[in-house]
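Number of protein chains: 2
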Amino acid sequence: MLNEGLPPGSEVDLKNGMKETFQQYLSERGLKSTLQRNIILDTFLHIDRHVRVDDLCLILRAEHRNMGHATVYRTLKLFVESGIARELRFGDGFTRYEPVTEGKQHDHLVCNVCDNITEFKTGAIEQLKDEIVRSHGFQVDTLKLELRGVCRQCIRQ
Amino acid sequence: MLNEGLPPGSEVDLKNGMKETFQQYLSERGLKSTLQRNIILDTFLHIDRHVRVDDLCLILRAEHRNMGHATVYRTLKLFVESGIARELRFGDGFTRYEPVTEGKQHDHLVCNVCDNITEFKTGAIEQLKDEIVRSHGFQVDTLKLELRGVCRQCIRQ
DNA sequence: ATCGTTGCAAAACTTTTGCAGTCTG
DNA sequence: CAGACTGCAAAAGTTTTGCAACGAT
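In order, the protein sequences belong to chains S and X. Going by the working numbering, the residue at position 156 of the first sequence is 156; the numbering climbs one at a time, nothing skipped. Convert by adding 1000 to the 1-based position in the second sequence; the result is the number in the working numbering.
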């Protein structure tokens, strides 16, 4: 362990942890650590927020002219399989991905006016999970909560 | 009013109300009530559950050989605009539509094993809406809650 | 008669797949 | 040096659009 001295929850710590997790995932499966995968991971973690695949491609291609979009799609799927990313679909036709930051569970507020997507947290969710297990015998793995409406800025205008 | 005698919340009542709403929506906007639109609406209401567009097309084409899928897509969008239907996307690439039945708010449990989608109700949601308004100044119009995991049947097997 | 609507086909879009050449372990 | 990976192009799949013929008001 190289970052013993750092506070355990720091940004850098988290990101390094995710990189480690990904490298481990690759080697465990006989997959390879390539230049492209590392570039995509760095860029993805640097953005540090949900991002559309085509946006990520654009950002990547700005620096790396011949990065194939197929590679980006394939790599993002690997991120999800390794557990360091989550796939998001808000139903507008674009798939988004975001880093999985443990202990930072959040959901999304989508503004119907400006289309901005805001993250928010709520404690009411965990209770809900328990309720579902009890009433439906359904084992909950993931929970997706999305609220649409009008955001503060757009209400004011 | 033709159905005065019926209990106000009955199936028939609800569906007739939705048909009326749709007809009113059309005439208000100078749009036309056509054979196809009425067939699609009847079939859609008869299914009475979320349905994939391509499934609905198949069902419709069984009876009406030359119903165009473009017409189905266009009509379903009209349903949403008129407020009698809701668009659902679970992120599997298929758009689904379901009738909006007021006072029957429900959400969805998606099983990762058998891919079945179950509807469920919970009371915890309304509190959550209020919480969001207070803490984020966000005016909530619609709320989408989706839980993924393993359903009762699949747990048993 | 006007203008919205339909059905067909083609286009548009995101995402996936096939393949020859390249690079990692 | 075997086999995984990349980048390109083409394919796949759903949804949208253009257009001539049709139909509702």
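Here a beta-carbon is modelled for each residue, glycine too, at the ideal position from N, C-alpha and C.
Within this structure, are the beta carbons of residue i and residue j separated by less than 8 Å?
i, j, result
"D141/S", "G1068/X", "no"
"I125/S", "L109/S", "no"
"A85/S", "V72/S", "no"
"F138/S", "F79/S", "no"
"L1166/X", "I132/S", "Residue 1166/X lies beyond the range of chain X shown here (1001 to 1157); nothing can be said about it."
"T1122/X", "L58/S", "no"
"H64/S", "I39/S", "yes"
"T43/S", "L31/S", "no"
"F1120/X", "H1136/X", "no"
Distance, Cα to Cα, residue i vs residue j?
i, j, result
"Y25/S", "N116/S", "34 Å"
"R52/S", "L76/S", "11 Å"
"N3/S", "N66/S", "For N3/S, the pLDDT reaches just 46, beneath the cut-off of 50, and the residue's location in the model is therefore unreliable, leaving the point undetermined."
"R1074/X", "F1090/X", "20 Å"
"T1118/X", "L35/S", "43 Å"
"S1010/X", "K1104/X", "13 Å"
"E1098/X", "S1082/X", "13 Å"
"A70/S", "R37/S", "12 Å"
"K19/S", "G1017/X", "56 Å"
"C1111/X", "I155/S", "37 Å"
Give me the DSSP bridge partner(s) of residue i.
i, result
"V1051/X", "Y1097/X"
"R86/S", "E98/S"
"I117/S", "V110/S"
"L147/S", "L109/S, L1143/X"
How would you list, in chain order, the residues of chain X whose beta-carbon sits under 9 Å from the beta-carbon of residue i?
i, result
"F120/S", "I1132, S1135, H1136, F1138"
Show which residues of chain X have a CB atom less than 8 Å away from the CB atom of residue i.
i, result
"K77/S", "Residues of chain X passing the Cβ test: none, with the nearest at roughly 14 Å."
What residues from chain S crowd round residue i, counting only those whose CB sits closer than 7 Å?
i, result
"E1146/X", "K144"
Find the residues of chain S that neighbour residue i, judging by a C-beta separation of less than 8 Å, and give them in chain order.
i, result
"A1124/X", "A124, Q127, L128, E131"
Tell me whether residue i, by its Cβ, gets closer than 7 Å to a heavy atom of the ligand SAM.
i, result
"N116/S", "With respect to the ligand SAM, the structure shown offers nothing to examine, as it has no ligands at all."
Report the neighbours of residue i on chain S: residues whose CB is nearer than 9 Å to its CB, in chain order.
i, result
"D1141/X", "N112, L147, R148, G149, V150"
"L1109/X", "I132, H136, F138, V140"
"I1155/X", "G137, F138, Q139"
Closer than 9 Å between beta carbons: that is the criterion. Which residues of the segment 1036-1057 of chain X meet it against chain S? none
Can you give me, in chain order, the residues of the segment 80-91 of chain S that have a beta carbon less than 9 Å from any beta carbon in chain X? E87, L88, R89, F90, G91
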